[in-house]
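Quick notes on the structure that follows.
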Amino acid sequence: MRNTTSLPGFPDQPSDGTVSVAETIVPGMMDFLQVPRLHKTMILNSVVWEQTEHFLRTGEFTRGLIKYLLAVAVIRTVALKC
Numbered sequence: 001m002r003n004t005t006s007l008p009g010f011p012d013q014p015s016d017g018t019v020s021v022a023e024t025i026v027p028g029m030m031d032f033l034q035v036p037r038l039h040k041t042m043i044l045n046s047v048v049w050e051q052t053e054h055f056l057r058t059g060e061f062t063r064g065l066i067k068y069l070l071a072v073a074v075i076r077t078v079a080l081k082c
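The numbers in the numbering used here rise by one with no breaks, and the one at position 60 of the sequence shown is 60.
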């Protein structure tokens, strides 16, 4: 067990509700990007898909793209609620 609480990850550190950010950082990483999404829904998020595709093509994440995609995701969410 990673800790002594019933909460996943490390409750006093940033996490996606399951894995702490600190647990995702390993020596030799080419790039790192923290996306503000929950662990369970991350696989369904367009920002995660776009960033993954960009990383696989270029070996790095794009910082400008995430702001754009987050804005688009908010617009889509609002449109679906209407």
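Think of the CB as a built atom: it goes at the ideal place given N, C-alpha and C, for glycine as much as any other residue.
Taking all protein chains shown into account, do 16 or more other C-beta atoms lie within 10 angstroms of the C-beta of residue i, making it buried, or fewer, making it exposed?
i, result
"residue 47", "buried"
"residue 51", "buried"
"residue 13", "exposed"
Quickly, what does DSSP pair residue i with across the bridge? List them, please.
i, result
"residue 15", "20"
Quick check on this structure: which residue in the options has the alpha carbon closest to the alpha carbon of residue i?
i, options, result
"residue 60", "21, 34 and 45", "34"
"residue 58", "27, 23 and 31", "31"
Any heavy atom of the ligand SAH inside 7 Å of the beta-carbon of residue i?
i, result
"residue 27", "For the ligand SAH, the structure offers nothing, since it holds no ligand at all."
Under the three-state reduction of DSSP, which class applies to residue i: helix, strand or coil?
i, result
"residue 37", "coil"
Meets three-Cβ-pair contact criterion under 8 Å: the region 17–26 and the region 39–49: yes
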